[in-house]
Every structure is written in structure tokens, then in C-alpha cells.
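K.L.:
Each protein sequence line maps, in turn, to chains A and B.
Counting in UniProt numbering, the first sequence runs from 1 upward without gaps.
Counting in UniProt numbering, the second sequence runs from 1 upward without gaps.
Quick reminder that beta carbons are idealized off the backbone N, C-alpha and C, glycines included.
A quick note: this is a predicted structure, and the numbers were derived from the prediction, not measured.
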Amino acid sequence: MDMALPVVNATAAVFARVSAAFNAPLARAVVFGVHIDGHLVVEGLLIAVIVFQLSRKSYKPPKKPLTEKEIDELCDEWEPEPLCPPIKEGARIDTPMLESAAGPHTIVDGKEVVNFASANYLGLIGNEKIIDSCIGSLEKYGVGSCGPRGFYGTIDVHLDCESKIANFLGTPDSILYSYGISTIFSVIPAFCKKGDIIVADEGVHWAVQNGLHLSRSTVVYFKHNDMASLASTLEKLTRGNKRAEKIRRYIVVESIYQNSGQIAPLDEIVRLKEKYRFRVILEESHSFGVLGKSGRGLAEHYGVPIEKIDIITAGMGNALATDGGFCSGSVRVVDHQRLSSSGYVFSASLPPYLASAAVSAVNYLEENPSVLANLRSNIALLHKKLSDTPGLEISSHVLSPIVFLKLNKSTGSPTTDLDLLETIADKVLKEDSVFIVTSKKSNLDRCKLPLGIRLFVSAGHTESDISRLSSSLKRVSASVLSDY
Amino acid sequence: MVRLPYTTALTTLFSYGLLFAFGQLRDFFRKFVDWFKAKNVKGYAPICLGLEDFYVRRLYLRIQDCFGRPIASAPDSWFDVVERTSNDNNKTLQCTSNTTRCLNLGSYNYLGFAAADEYCTPRVIESLKKYSASTCSVRVDGGTTKLHAELEELAARFVGKPAAILFGMGYVTNSAIIPCLIGKGGLIISDSLNHNSIVNGARGSGATVRVFQHNSPAHLEEVLREQIAGGQPRTHRPWKKIIVIVEGIYSMEGELCKLPEIIAVCKKYKAYTYLDEAHSIGAVGQSGRGVCELLGVDPADVDIMMGTFTKSFGSCGGYIAASKEIIQHLKQSCPAHLYATSMSPPAVQQVISAIKVILGEDGSNRGAQKLARIRENSNFFRSELKKMGFEVLGDNDSPVMPIMLYNPAKIPAFSRECLRQKVAVVTVAFPATPLLLARARICISASHTREDLMKALDVISRVGDLVGIKYFPAEPPKIAEADAEITS
Chain A
1 MDMALPVVNA TAAVFARVSA AFNAPLARAV VFGVHIDGHL VVEGLLIAVI
51 VFQLSRKSYK PPKKPLTEKE IDELCDEWEP EPLCPPIKEG ARIDTPMLES
101 AAGPHTIVDG KEVVNFASAN YLGLIGNEKI IDSCIGSLEK YGVGSCGPRG
151 FYGTIDVHLD CESKIANFLG TPDSILYSYG ISTIFSVIPA FCKKGDIIVA
201 DEGVHWAVQN GLHLSRSTVV YFKHNDMASL ASTLEKLTRG NKRAEKIRRY
251 IVVESIYQNS GQIAPLDEIV RLKEKYRFRV ILEESHSFGV LGKSGRGLAE
301 HYGVPIEKID IITAGMGNAL ATDGGFCSGS VRVVDHQRLS SSGYVFSASL
351 PPYLASAAVS AVNYLEENPS VLANLRSNIA LLHKKLSDTP GLEISSHVLS
401 PIVFLKLNKS TGSPTTDLDL LETIADKVLK EDSVFIVTSK KSNLDRCKLP
451 LGIRLFVSAG HTESDISRLS SSLKRVSASV LSDY
Chain B
1 MVRLPYTTAL TTLFSYGLLF AFGQLRDFFR KFVDWFKAKN VKGYAPICLG
51 LEDFYVRRLY LRIQDCFGRP IASAPDSWFD VVERTSNDNN KTLQCTSNTT
101 RCLNLGSYNY LGFAAADEYC TPRVIESLKK YSASTCSVRV DGGTTKLHAE
151 LEELAARFVG KPAAILFGMG YVTNSAIIPC LIGKGGLIIS DSLNHNSIVN
201 GARGSGATVR VFQHNSPAHL EEVLREQIAG GQPRTHRPWK KIIVIVEGIY
251 SMEGELCKLP EIIAVCKKYK AYTYLDEAHS IGAVGQSGRG VCELLGVDPA
301 DVDIMMGTFT KSFGSCGGYI AASKEIIQHL KQSCPAHLYA TSMSPPAVQQ
351 VISAIKVILG EDGSNRGAQK LARIRENSNF FRSELKKMGF EVLGDNDSPV
401 MPIMLYNPAK IPAFSRECLR QKVAVVTVAF PATPLLLARA RICISASHTR
451 EDLMKALDVI SRVGDLVGIK YFPAEPPKIA EADAEITS
């Protein structure tokens with residue numbers, strides 16, 4: 001283009017001179033009734049040159065795909081990272097090994113200890129009736145069910161268990177899952193798809209976070225257990241948003257948060273949900289069989305009618321002393337999961353003996369509601385005895401069976417905090433034979449709540465167990481935390 | 001691979017088109033009927049909008065009785081199927097108290113450990129009494145018992161790797177492990193027909209996912225070369241690591257993976273391999289050690305081997321076997337290890353006893369007998385079906401054999417007619433398989449006797465004639481040839 005301009009100018013100059021020379025005689029030329037002036041010829045030639053330049057392709061560097069040899073070289077040069085990062089020095093990897101059932105008293109690494117590390121809230125581990133029903137099941141059905149629910153993996157005990165749980169809770173129907181943790185991360189993607197809105201508490205545990213991530217919906221977190229934050233988030237999302245009526249909207253909360261021991265205020269949540277028209281997914285793993293006059297969960301505890309909660313999920317690995325999980329709700333909710341919940345459709349069903357254990361556990365709870373009173377008095381006693389522990393404070397709700405102890409003053413870094421807490425737990429186990437554990441965090445977990453010592457209180461603990469724990473904890477924490 | 005003849009494709013498409021048209025017509029009328037009834041509470045969007053659940057409402061519900069059949073006994077070679085009735089045209093089904101004793105061709109019971117076993121069950125009951133049904137605790141807290149440690153060691157020894165880690169459910173094993181191994185900036189290349197748990201795990205990890213053609217090492221090589229040379233999308237930075245995920249036996253095809261070639265390709269391009277042996281561990285191989293043994297691959301060449309205990313060991317749960325460093329890393333960071341209730345102790349004991357039987361460490365040769373029987377049964381059944389003219393997929397030695405049905409009407413016809421003749425089969429349609437390729441899937445077990453198999457073949461042949469699925473010409477029976485010899 002640069003070189004062309006002077007050429008154009010030169011050409012134009014030449015033509016101007018030539019036409020000037022011809023101007024006089026050409027002034028009288030007439031073509032098709034139009035007077036031809038000399039300048040028309042020049043302009044016509046200029047237009048022709050401009051059109052010629054514009055029609056030429058602009059210069060682009062040619063695209064050359066990589067040759068085979070170049071690809072070979074790149075492949076040879078490429079070095080992958082190792083599959084796992086190197087193990088940090090001094091990381092604790094050995095876990096205590098149990099040699100008997102995980103009841104209130106158990107044998108760890110050869111010696112008898114008081115066990116505060118199992119979520120055996122109703123003390124059903126070792127219960128004779130449950131073990132008998134399991135034995136009957138094992139002899140009749142074997143151990144595994146050898147198939148997913150859709151392909152001959154549905155055994156009549158599964159159907160019995162589902163109807164039993166639905167009757168107990170007072171909901172129309174329920175569905176069983178084969179593993180506690182997979183319940184919530186299969187339920188959430190079954191209902192929430194791309195484009196839906198989910199408002200979740202920021203302290204939910206990993207399985208809920210995984211479910212939220214897999215659902216590909218828009219997730220907005222609100223401050224942990226803070227109802228004002230929830231109200232303002234809901235307000236922001238629905239104000240002026242006319243399309244909000246067509247999108248499905250969910251609130252995801254846990255009844256008792258595993259990471260902090262707080263209890264969600266369900267009456268407030270239901271009031272907000274009805275005001276802003278959201279559906280509620282309630283994760284009740286640690287409150288089913290614990291809260292409420294007869295153990296029916298958070299709804300009974302707050303006196304909220306069960307129909308107002310759209311979806312209730314729970315893992316049965318806690319109060320019911322079995323394995324697996326269930327989800328309960330209206331008939332439409334449950335039927336939808338039978339075909340679109342991946343953890344239900346693509347996985348083998350729950351082993352039948354665990355389903356019969358669940359049925360026996362629910363029967364036991366219905367017949368002996370006094371076990372809940374035992375549990376509650378144990379929790380109250382523990383709170384009273386631990387209220388003056390040096391350096392540690394109880395940060396969980398007074399009714400929560402997970403008693404969460406965290407450091408009064410954090411040292412500043414989470415790793416040193418965790419080290420201190422683990423030292424306390426180790427010493428308590430080694431010196432006083434009381435088995436306690438700290439809360440654990442995976443690096444895939446995005447919850448930012450502080451770590452602490454988690455004590456799982458059971459209805460099977462006696463007063464002397466609790467006294468032993470409190471005196472040991474006070475002594476050890478005084479010695480370990482004296483410098484901080 | 002499936003070769004779909006044109007006439008079959010046309011008739012199948014026509015059938016689906018007809019079903020779709022009728023479904024739309026019924027939806028149209030349903031809109032009028034529902035005009036007066038307020039189905040949804042005002043202000044809440046419905047759980048499924050419009051066409052999202054069209055397939056379920058209009059196609060699946062018609063043949064709902066072929067799926068989810070409840071049973072009232074152990075899933076052994078013969079079991080009791082509960083009869084169900086419906087008084088609203090299959091929309092809801094109610095169980096009756098009648099049961100039919102049927103031959104079981106659907107459960108994943110490859111080595112026959114499904115029902116009570118003479119060696120395993122007493123030990124399981126003992127461990128139940130000692131440890132009770134659950135530990136109510138996660139593995140890192142108070143959920144590790146001696147049984148768990150024993151099984152981890154035994155599983156590692158059985159598979160041929162230095163160390164192993166256990167999980168309570170096979171599905172969770174895949175979904176929770178893959179995010180621990182790879183994250184953003186990594187690449188996962190998975191087979192196009194991989195199981196849903198692998199897809200979920202890959203999606204949950206945040207890495208980029210690419211798919212290669214089913215069981216094609218050549219296409220895998222092409223994809224690898226393209227991806228390594230191109231780097232991460234848009235930034236073109238080199239990938240942090242690449243993991244290739246394949247399965248041992250693909251459950252809907254019955255095919256074995258082309259493992260030696262795929263391992264060779266991965267080694268050449270320095271990609272890590274992840275082998276999911278859910279269906280093949282315990283069922284194939286001279287001593288039951290899975291596809292590595294069958295195809296002659298050294299377990300040290302596969303970086304991570306995953307398997308489940310549900311199919312061949314009659315229990316529940318899954319495991320990952322790899323080098324000691326990887327297992328230690330997983331024990332510290334895998335969410336399923338840190339947050340999920342540990343595997344139920346009686347189920348752990350069942351797997352320990354089953355592995356001991358297979359290895360012959362229980363003092364008898366029942367394990368070797370079972371392995372020989374399942375190989376014999378699978379090969380016999382497959383060759384007989386092929387001789388009858390059915391289109392059967394899968395390789396020799398694989399205990400899973402799909403029989404192609406194609407047409408949507410043949411699915412309930414085959415399933416219901418077989419049930420009437422007391423044979424229980426599993427039929428699979430969309431979305432587990434591609435739309436046009438519906439099939440019936442047979443799973444052979446070591447507890448099937450020769451008479452059971454002959455009865456099954458007889459029933460399937462008769463039903464196959466009735467329904468019209470013998471797409472290939474049948475081999476003429478040997479008697480006719482002998483007659484021809486005599487008369488000539």
C-alpha cells in the first residue's frame with residue numbers, strides 16, 4: 001500500500017498533464033449526450049485505481065499447522081507434575097485402630113477407653129434387637145444386594161424401610177440411598193439445574209458443597225447461621241427480578257452443622273421461604289433421631305408442620321447406627337429422584353441387613369422415647385462441666401449432640417491451632433484413656449469455619465464417663481495451652 | 001461394535017417418532033384438563049418444566065413394570081420376584097404378596113457370593129456381633145477397625161499393588177478420588193462410554209475433560225498429541241498433568257478394554273492411567289485378578305486401579321490400589337475418607353472371606369472351581385446365543401452379554417414374556433444406552449448350573465422367535481447335517 005501511493009500520484013500527475021494538453025480539443029467531445037471534460041477522465045481513472053487497491057486481499061501471515069515432527073518434539077519436552085504432592089514431614093497419618101464395637105466404651109490400640117468420637121447418639125451400637133434383626137437378614141439375603149435399584153436390586157426390606165421412615169416422619173414418601181454422604185450430593189443435582197438459584201449457608205459440609213458444584217446452578221452463600229444475612233440475600237435476588245417466578249429457587253441449610261455445632265432456626269427460615277417463594281432442602285444427618293420430643297427432627301423441635309419443608313435428606317450413619325441415607329418429601333419429589341438422581345440410579349442398592357437395622361432402630365426409637373431424655377441430660381451435663389475449661393470454649397448450640405470446643409485465642413495460623421488441638425487430643429487419649437478427636441478438613445473443602453475439638457455425646461454415656469472426660473480435658477488443656 | 005442395519009434403524013426411528021407424537025398429543029390434552037386444576041402452588045416454578053421430563057412421563061411410564069422389580073429373597077441364581085399390579089395403566093404400581101420363583105439373569109453375582117455362603121456367612125455374623133452394624137464414625141476419627149486395616153492389605157495384595165484404601169460405596173470412590181488427584185490446569189481423557197460416577201468425578205474436579213472414541217488406542221494417541229501440543233485452552237500453557245480413565249469391562253457392551261495398547265500409548269506420552277475394574281475384578285483372569293491378569297499387563301504399569309466389591313464379592317464398597325505415596329496422600333486429603341462414615345464391618349468381613357476363598361486360603365479349592373465355572377458358563381452361553389442367531393455383543397471370557405433389541409416395543413415384549421416363562425432378564429434403554437440401541441443384558445454367574453443355562457437358552461430362543469430379534473441367520477443344528485450325510 002505504501003509503495004502504491006506515489007505510483008498513483010505519479011500516474012495522476014501524468015494524466016493531468018496529458019488531459020490538460022488534450023483539454024482544448026476534448027472540450028468539444030460529446031459521448032452519449034454528455035460533455036466529456038478532461039477532469040472527468042482523471043477522476044474516472046482515480047476511481048478505477050482506488051477500486052483496484054480495495055479489492056486486493058490485505059496481508060496476513062499464512063497459517064501453518066504444526067508438523068508431525070514439531071508435535072513429536074513438544075510431546076517429548078512436556079514433563080507432567082507428579083500425581084500426588086510429596087508428603088509433608090511430620091504429617092499425622094496413623095489413625096487409632098478400634099478392636100471392638102464403637103460403643104460408649106471401646107478398645108483402642110489394645111486398651112479400654114471411653115469413646116467420644118462416634119456419632120452414636122442413641123447408644124444403639126451393640127443393641128441386641130438390632131443385631132438379631134441383622135442376623136436374620138444376613139441369613140436370608142446374604143450381605144450385598146448385587147444390583148442397582150432398577151435391575152433387581154430392590155429387596156422388600158428396602159420398601160419396608162422407606163415406608164417406615166415416611167410414616168415416622170409424617171411425609172408421604174421417602175427414598176433410600178446406599179451411602180450417607182452420597183445422599184445430599186445426588187439430591188441437589190437432581191433438582192437444581194443450570195440457571196437455577198441456590199442460597200446456601202457458608203458453613204455447609206463438603207458433600208453439600210460438592211452437590212452445589214455439580215448442579216451448575218448459581219450459588220449464593222450467606223453468613224453462617226445469620227438470618228439477617230439470609231433475608232438480605234433473598235431480598236437482593238428477588239427484588240425487581242420479574243423472571244424470578246420461572247426459575248427454580250432453593251435454600252440449602254443443615255439442621256445441625258457438622259462444622260460448628262450450630263442449629264438452624266427453622267421457623268425463621270420457613271417464614272422467609274414463604275415470603276420469597278423459595279423451596280427448602282434441609283440436611284438432617286445429625287438431628288434425625290435427636291431433636292424434637294420424639295426424635296422426629298428439626299421440624300418437630302420448632303413445631304413447624306412437616307409439609308412446609310420441601311426436601312429432607314439425612315444420612316443414617318449417626319443416630320440410627322446403620323449406614324446409608326434417605327430423602328423424604330412429597331410424592332412428586334421422591335418419584336422424580338427414582339429416575340434422575342445419579343447416586344440412586346447408577347449405584348448398587350443398600351445392603352439389606354443395613355435396611356433392616358434401620359427399621360429396627362426406628363422401631364426402638366418409637367418404643368423408647370426416654371433415650372432422648374438421657375441424651376439431652378448428658379449434653380447439658382457436659383456443657384456444665386466443660387464451661388470453665390482453661391483455654392477452650394464451647395461454641396456449639398446447647399442442644400446439639402456435637403459439642404464443639406475451640407480455642408479461646410487463636411494463635412494466628414490454622415495449622416498451629418490444629419497442632420495444639422491434636423496434641424490435646426493425643427494426650428487425653430494416652431494419659432487418661434478418653435478417646436476424642438479434632439475436626440478434620442480436606443484441602444478440597446471451601447468452608448472457612450474454625451477447626452476445633454468435636455465431642456459426640458451419646459445416650460449410652462454415664463455420668464462418670466462425662467466426669468472423666470471433663471477432668472481430663474481441663475488438666476491437659478491447662479498444661480498444653482499454658483504458654484499461649 | 002454394533003452394526004445397525006438400515007431397515008432396523010428406520011423402523012426404530014419410526015416407532016420412536018410415533019411414541020413421541022402420541023406423547024405430544026396427550027400433553028396437549030392434558031393442558032386443557034389441567035387448566036381448571038391449579039397443580040402448582042402460586043409463585044413456585046414447577047420441579048420439571050415442559051419437556052424436561054417428557055421421556056419419563058410419556059415413554060418410560062408405559063413400560064415401568066419392566067424396571068425396578070422387587071425381589072423377596074437373596075439375589076442368587078434362582079430368586080423370588082414380587083408380582084406387582086397397577087390399576088391406573090402403569091402410572092403407579094402396587095406390590096402384591098405373591099412371588100414367582102425365577103431364574104436370575106440380571107444380578108451382578110459373578111462368583112456366586114450373593115446368598116449365604118458356607119465359609120463367609122458365619123464369619124460375617126461373628127464380626128457383626130463383635131463390631132455391630134456400623135461404626136457411626138468417619139475413618140479418621142473412630143471408624144478404623146482391625147478389619148479395615150486387614151482388608152486394605154489384602155486388597156492390595158490381591159490386585160498386585162503396594163497399598164490400597166477402602167471406601168463404603170463404589171460410586172463415591174470415583175466421584176471423590178478424581179478431584180483429589182487432578183484439579184484446574186489438568187486434563188482428563190476418558191473413554192466415551194465411561195460410567196456416570198467417573199463423569200461426575202471428572203466434572204467435580206475442575207479439570208478439562210476430553211473424550212476419546214470407545215476402546216480406540218489410535219484415537220487416544222491422536223487426542224493426546226493434539227492436546228499436549230496445544231496446551232490448555234486459550235492460554236496454551238502446558239498441561240499440569242494428564243490422566244486417562246478407562247474401564248476393565250464396559251457394563252453396557254460386555255467388551256474388554258484394549259489395555260496393553262492403551263498403556264503403551266500412555267507411557268509414550270507420559271500420561272497417567274486410571275483403570276476402573278468394577279465389573280472385571282474377581283470375574284476374569286486365571287485367578288480372578290481382573291483384566292490385567294487376563295490381558296497380561298503388569299499391575300505396576302497402571303498408576304491407579306479402582307474396583308468395587310459389589311459385583312464379584314457379594315458385598316458393598318470400593319477400593320483404590322496404587323503406590324504408597326498416592327495412598328498416603330489420599331488418606332490425608334480425600335473427602336470420602338475424611339467425612340464419610342466408614343464401611344460397615346460385616347461387609348468388610350464378607351470381602352475378606354470372599355477374597356480368601358478366591359485365593360484358596362480358606363483351605364479348599366472352591367475359589368478355583370468358581371472361577372473356572374464362570375469362564376465356562378460365559379463362553380458356553382455366548383456361543384450358543386450366537387449360534388441361535390441373536391446379535392450378542394462383548395468379548396469372550398466376559399460374563400456380561402448384551403442382546404440387541406433396537407425397537408422400543410420389543411423391550412417390554414421381551415421382558416414380560418421372559419418373566420412369564422420364569423426367567424428374569426434386565427432390559428436397558430435410553431438414557432443408559434444410545435436412543436436406537438436398546439438391549440437386554442445378561443449377567444452370568446458361577447452359581448448357574450448347566451441345566452439353568454439350558455433352560456435359559458430355551459426360553460430366550462422361544463421368546464426371541466416370538467419377538468423377532470434373531471437378526472442374524474441361525475446356524476443349522478448338527479442333526480440336520482448328520483441326516484444329510486446319511487441320506488447322501
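Measuring straight from C-alpha to C-alpha, what distance separates Leu393/B and Tyr274/B?
P.N.:
Roughly 25 angstroms between the two C-alpha positions.
K.L.:
Note down, in chain order, all residues in the stretch 106-117 of chain B with a beta-carbon under 8 angstroms from any beta-carbon belonging to chain A.
P.N.:
Going along the stretch 106-117 of chain B in chain order, one finds Gly106, Ser107, Tyr108, Asn109, Phe113, Ala114, Ala115, Ala116, Asp117 with a Cβ nearer than 8 angstroms to chain A.
K.L.:
I'd like to know if Thr173/B contacts chain A, where contact means its C-beta is closer than 8 angstroms to some C-beta of that chain.
P.N.:
Not one chain A Cβ lies under 8 angstroms of Thr173/B.
K.L.:
The stretch 158-178 of chain A: which residues have C-beta closer than 7 angstroms to a C-beta of chain B, in chain order?
P.N.:
Under the 7 angstroms Cβ criterion, the stretch 158-178 of chain A contributes Leu159, Ser178.
K.L.:
Go through the stretch 65-109 of chain A residue by residue and report every complete run of the alpha helix (DSSP H) that reaches 4 residues or more, in order.
P.N.:
Segments of the alpha helix (DSSP H) lying fully in the stretch 65-109 of chain A: 68-77.
K.L.:
Kindly list, in the order they appear in chain B, the residues whose Cβ is closer than 9 angstroms to that of His461/A.
P.N.:
Under the 9 angstroms cutoff, chain B gives no residues; its nearest Cβ is about 14 angstroms from His461/A.
K.L.:
What are the residues that DSSP puts in a beta bridge with Ala424/B?
P.N.:
Paired residues: Asn104/B.
K.L.:
How far does the beta strand (DSSP E) with Met404/B in it extend, from its first residue to its last?
P.N.:
Residues 400-406.
K.L.:
In the DSSP assignment, the beta strand (DSSP E) including Tyr250/A goes from what residue to what residue?
P.N.:
Start and end: 249-254.
K.L.:
I'd like the ranges of any beta strand (DSSP E) spanning at least 3 consecutive residues and lying wholly in the stretch 50-86 of chain B.
P.N.:
Qualifying beta strand (DSSP E) stretches, in chain order: 78-85.
K.L.:
Between Glu126/B, Ser73/B, Ala163/B, which lies nearest to Thr100/B when the distance is taken from Cα to Cα?
P.N.:
The candidate whose alpha carbon is nearest that of Thr100/B is Ser73/B.
K.L.:
My output table needs one value for Phe390/B: the three-state DSSP class, helix, strand or coil.
P.N.:
Note: Phe390/B maps to coil in three-state DSSP.
K.L.:
Taking 8 angstroms as the cut-off, decide whether the C-beta atoms of Ser342/A and Asn215/B are in contact.
P.N.:
Against a cut-off of 8 angstroms, the Cβ pair of Asn215/B and Ser342/A comes out as no contact.
K.L.:
Restricting to Cα atoms, I'd like to know which of Ser215/A, Leu298/A, Phe15/A is closest to Glu43/A.
P.N.:
Ranking the options by Cα distance to Glu43/A, first place goes to Phe15/A.
K.L.:
Quick one: list the residues of chain A neighbouring Tyr60/B, beta-carbon separation under 8 angstroms, in chain order.
P.N.:
Correct list: Leu339.
K.L.:
Got a sec: is the Cβ-Cβ distance from Met169/B to anything in chain A below 8 angstroms?
P.N.:
Yes, its Cβ sits closer than 8 angstroms to a Cβ of chain A.
K.L.:
Shortest alpha-carbon distance to Gly460/A belongs to which of Leu138/A, Thr416/A, Glu366/A, Ala319/A?
P.N.:
Checked all of Leu138/A, Thr416/A, Glu366/A, Ala319/A; the closest Cα to Gly460/A is Ala319/A.
K.L.:
Use the C-beta contact count for Gln332/B: other C-beta atoms within 10 angstroms, 16 or more gives buried, fewer gives exposed.
P.N.:
Answer is buried; the Cβ neighbour count reaches 16.
K.L.:
Ends of the beta strand (DSSP E) at Phe212/B?
P.N.:
That run of the beta strand (DSSP E) goes 208-212.
K.L.:
Tell me the rounded alpha-carbon separation between Pro6/A and Lys64/A.
P.N.:
Looking at the two C-alpha atoms, the distance is approximately 34 angstroms.
K.L.:
If you draw a straight line from the C-alpha of Leu469/A to the C-alpha of Gly452/A, how long is it?
P.N.:
Answer to the nearest angstrom: the Cα atoms are 16 angstroms apart.
K.L.:
Answer with yes or no whether the minimum CB distance from Ala229/B to chain A is below 8 angstroms.
P.N.:
True, the Cβ-Cβ gap to chain A drops below 8 angstroms.
K.L.:
Quick check: the stretch 432-444 of chain A against the stretch 329-348 of chain B, are there 3 or more CB pairs under 8 angstroms?
P.N.:
As far as the Cβ criterion goes, the stretch 432-444 of chain A touches the stretch 329-348 of chain B, which means the pair count is three or higher.
K.L.:
What does the Cβ neighbour count give for Ala155/B, buried or exposed, with the cut at 16 atoms within 10 Å?
P.N.:
Its Cβ being crowded by 16 or more others within 10 Å, Ala155/B is buried.
K.L.:
At a CB-CB cut-off below 8 angstroms, which residues of chain A make contact with Phe67/B?
P.N.:
Here the neighbours are Gly150, Phe151.
K.L.:
Is there a Cβ of chain A sitting closer than 8 angstroms to that of residue 527/B, yes or no?
P.N.:
This structure leaves residue 527/B out entirely; chain B is present only between 1 and 488.
K.L.:
Take Gln213/B and list the residues in its own chain whose beta-carbon comes closer than 7 angstroms to its own, dropping the five residues that flank it on each side.
P.N.:
Only Ser192, His219 meet the Cβ criterion.
K.L.:
How is Phe222/A classed by DSSP in three states: helix, strand or coil?
P.N.:
Three-state DSSP puts Phe222/A in a strand.
K.L.:
Can you give, in chain order, each stretch of the beta strand (DSSP E) that sits fully within the stretch 268-356 of chain B and has at least 3 residues?
P.N.:
Listed in chain order, they are 272-276, 304-308, 318-322.
K.L.:
Using a Cβ cut-off of 8 angstroms, pull out every chain B residue sitting near Glu81/A, in sequence order please.
P.N.:
By Cβ distance, chain B contributes Lys240, Lys241.
K.L.:
Quick one: Cα of Tyr272/B to Cα of Glu300/A, how far?
P.N.:
Taking the straight line joining both Cα atoms gives about 52 angstroms.
K.L.:
Say whether chain A places a C-beta atom closer than 8 angstroms to the C-beta of His219/B.
P.N.:
It does not; no Cβ of chain A falls within 8 angstroms.
K.L.:
In the DSSP assignment, find the alpha helix (DSSP H) that holds Asn115/A and state where it starts and stops.
P.N.:
Here Asn115/A belongs to no alpha helix (DSSP H); instead the beta strand (DSSP E) covers 111-115.
K.L.:
Smallest Cα separation from Asp378/A: which of Thr95/A, Leu46/A, Pro104/A?
P.N.:
The question names Asp, but residue 378/A in the sequence shown is Asn. Comparing Cα-Cα distances from Asn378/A to each of Thr95/A, Leu46/A, Pro104/A, the minimum goes to Pro104/A.
K.L.:
Is His448/B close to chain A, meaning its C-beta is less than 8 angstroms from at least one C-beta of that chain?
P.N.:
Cβ-Cβ to chain A under 8 angstroms: no for His448/B.
K.L.:
Does Pro476/B have its Cβ less than 8 angstroms from a Cβ in chain A?
P.N.:
Not an interface residue.
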